[in-house]
Structure formats: C-alpha cells, structure tokens
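Notes to accompany the following structure.
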Amino acid sequence: MEKMRPILYGVADYALLRKKNGWFIDRTAKIRDLEDIAYAVFLRPRRFGKSLLTAILEAYYDVRYADRFDEFFSGTDIGADPTDERGKYLVLKFDFSAVSKDIAKVGDSFDAYAALRCDTFARDYADRLPAGLSDRVLKASGVCAKLNEIVAGLAHTPIKLYVIIDEYDNFTNTILAESGLNAYNELCHGDGFFKQFFAILKTATSGTEAPVTRLFITGVSPVTMDDVTSGFNIGTNISLDPQFADFTGFRHDDLRAISDYYGTHCGFDSDKAYNAALA
Numbered sequence: 031m032e033k034m035r036p037i038l039y040g041v042a043d044y045a046l047l048r049k050k051n052g053w054f055i056d057r058t059a060k061i062r063d064l065e066d067i068a069y070a071v072f073l074r075p076r077r078f079g080k081s082l083l084t085a086i087l088e089a090y091y092d093v094r095y096a097d098r099f100d101e102f103f104s105g106t107d108i109g110a111d112p113t114d115e116r117g118k119y120l121v122l123k124f125d126f127s128a129v130s131k132d133i134a135k136v137g138d139s140f141d142a143y144a145a146l147r148c149d150t151f152a153r154d155y156a157d158r159l160p161a162g163l164s165d166r167v168l169k170a171s172g173v174c175a176k177l178n179e180i181v182a183g184l185a186h187t188p189i190k191l192y193v194i195i196d197e198y199d200n201f202t203n204t205i206l207a208e209s210g211l212n213a214y215n216e217l218c219h220g221d222g223f224f225k226q227f228f229a230i231l232k233t234a235t236s237g238t239e240a241p242v243t244r245l246f247i248t249g250v251s252p253v254t255m256d257d258v259t260s261g262f263n264i265g266t267n268i269s270l271d272p273q274f275a276d277f278t279g280f281r282h283d284d285l286r287a288i289s290d291y292y293g294t295h296c297g298f299d300s301d302k303a304y305n306a307a308l309a
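Residue numbers for the sequence shown follow this note's numbering, so the first one is 31 and each next one is one higher.
Pasting the structure below:
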C-alpha cells in the first residue's frame, strides 16, 4: 500500500518537505510570471505560506542548488518547463523574525543578525566571488559596511544577486503596537538603521550593471515599507495583483483534493471534511 503523504504543518524547509514527500500544493508556475517583475513585494497574513515560498525561490534560483534541481522540482510545473534563470543567482536571504522586538535591544539585534547573514553569504560563495571580496565583507564592521562591500564588489561583474527578505516587518509591527509611534519612527524615519539598510539595497538596484537584479520581499503590512523606502518606488507591490492572488494559500480545488486524498486513506467522509473547511 502507498505510504500516506504527511502534512508537515508549519514546516518552511522546502528541501525537507520534498524529502519527506509532504503534501505540497504546486504554485511553481507562478515563478514564470514573477520573472516579469524585478523587485517585488508580496504581503499576506501570517501562516499563509510566505516563508515556504521564499524557500522555494531560494532553491530554484540559487546557483548552489543548480545540481539538485531534479531533487527539488521533479513533478512540479516549473520542473517540467524551467526558465533560463534557474540556478543562476547568488542569493542573499534575510528573515527579520530573528530580530529582537525589545526596543532597547532592537538596533544591536538587527545589526548582529543582518551582519551574520552577510558573513554567511561571504563564506558560502567565497569561491564564486571576485578575489578578496569575501575577506573584505568578513572584516567590515556592521551590516551597512558589509552590505556596501557586497554591492561595490559585485557591481560591473557578470555575477548577479537575488535578495530575499522574509518577515520584513516582523519586529517593526511589534514595536509599533507595543512601544508606540515615536519608537517606531526612530527605526524607520530619518537616519533610522532600518531605513539605512533599505537605502543601501535601493542603491544596489540602480546604475549600469547593478548587482541586485532581483529582490523579493514578504511581510504582513505595507506600513513599514512605505516608511523606510519612500513607497518602495523601485519595486512593484504584487499583493493585490489577481495574477498572484493564489501564489500562497488554498483554493477550493486544493481543499477538495486534500479532503479526497485523506478521506480515502483515513476512512472519513471527504465531502463533510471539504464542507467543514469551507464553513
């Protein structure tokens, strides 16, 4: 008898999901559409699969995973007809849910976390970076200096960078709610550290042969994005675009398929389960 596929609730590790043959709703066809948008913002409520989506994009575009393409994408839509850009990028990924939400610690926490991500990038791609760049990034002090080294070192080279930011507004939303508007404004306005971070990213997308050719940002609310990036005028907010309405989440046919599959394997009434899910 076929082993029943598990539902790996809360798992955002795409490699693990594929390894364990977890239930997976294939939205990879949307990757082709996403390639028409260089710098995208995609906002959804919590528990909507945003982190898994960023993991899928990383697995698809990261040059380090190019030789594992079949492992990750066999049986998927994009696996049957991949784009030319798959496996062609160095990926710099951040997840700002790791940043402290304590207003007294947030600045140091952000710098430490984001600097660590830059250091990890420098080590992971050391053999693919221009000579000396990895060492310069590791020696630089603070995330802004490290990010500037990466941007300057990759400018005017054939090497292209895909920046992925998950939970971009995780800590700012908490600080706004718990510490008030003044504390929030210190992060996102004027010379606030968060605004400086995004200013460097914006610089990295401009000019001839700019190093950051793709950027994907996820989060919950547009409030922080409007404040730290002057409306993020380098990018496109695809959150309300009908083309990407089902990039994450479930459609009715998805719920029907899940109900039928587990109803057959577990011996319950799939029609009742489907109707309950819609209620």
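Just so you know, even glycine gets a beta-carbon here, dropped at the ideal spot from N, CA and C.
Burial state of residue i, where buried means 16 or more other Cβ atoms lie within 10 Å
i: residue 71; result: buried
i: residue 92; result: buried
i: residue 104; result: exposed
i: residue 34; result: exposed
i: residue 261; result: Summary for residue 261: the model assigns pLDDT 47, below 50, so the residue's position carries little reliability; its value from the coordinates is reported in the next sentence. So residue 261 counts as exposed.
i: residue 155; result: buried
i: residue 298; result: exposed
i: residue 281; result: exposed
i: residue 162; result: exposed
i: residue 40; result: exposed
i: residue 49; result: exposed
i: residue 187; result: exposed
i: residue 246; result: buried
i: residue 116; result: buried
i: residue 283; result: exposed
i: residue 135; result: exposed
i: residue 51; result: exposed
i: residue 85; result: buried
i: residue 37; result: exposed
i: residue 200; result: buried
i: residue 210; result: exposed
i: residue 183; result: buried
i: residue 110; result: exposed
i: residue 83; result: buried
C-beta neighbour in chain B for residue i, strict 7 Å
i: residue 308; result: Absent here is chain B; the protein component of the structure consists of one chain.
Counterpart residues of residue i in DSSP-defined beta bridges
i: residue 249; result: 73
i: residue 191; result: 120, 242
i: residue 196; result: 125
i: residue 267; result: 71
Check whether residue i and residue j have beta carbons under 7 Å apart
i: residue 165; j: residue 218; result: no
i: residue 128; j: residue 176; result: no
i: residue 254; j: residue 202; result: yes
i: residue 126; j: residue 147; result: no
i: residue 121; j: residue 192; result: yes
i: residue 244; j: residue 68; result: yes
i: residue 204; j: residue 131; result: yes
i: residue 30; j: residue 141; result: No answer is possible for residue 30: it lies beyond the span of the chain, which begins at 31 and ends at 309.
i: residue 272; j: residue 181; result: no
i: residue 277; j: residue 57; result: yes
i: residue 81; j: residue 157; result: no
i: residue 235; j: residue 189; result: no
i: residue 269; j: residue 73; result: yes
i: residue 179; j: residue 185; result: no
i: residue 223; j: residue 137; result: yes
i: residue 107; j: residue 59; result: yes
i: residue 133; j: residue 207; result: no
i: residue 285; j: residue 306; result: no
i: residue 279; j: residue 78; result: yes
Endpoints, the alpha helix (DSSP H) within which residue i is located
i: residue 149; result: 136-154
i: residue 201; result: 200-209
i: residue 157; result: Careful: residue 157 lies outside any alpha helix (DSSP H) and carries neither H nor E.
i: residue 44; result: 44-49
i: residue 171; result: Looking at the DSSP string, residue 171 is not in any alpha helix (DSSP H), and its letter there is neither H nor E.
i: residue 291; result: 282-296
i: residue 233; result: 223-233
Any non-hydrogen atom of the ligand GTP closer than 6 Å to residue i Cβ
i: residue 277; result: The ligand GTP is absent from the structure shown, which contains no ligands of any kind.
Let me know the beta strand (DSSP E) ranges lying completely inside the region 52-129, each 3 residues or longer, listed in chain order. 69-73, 120-125
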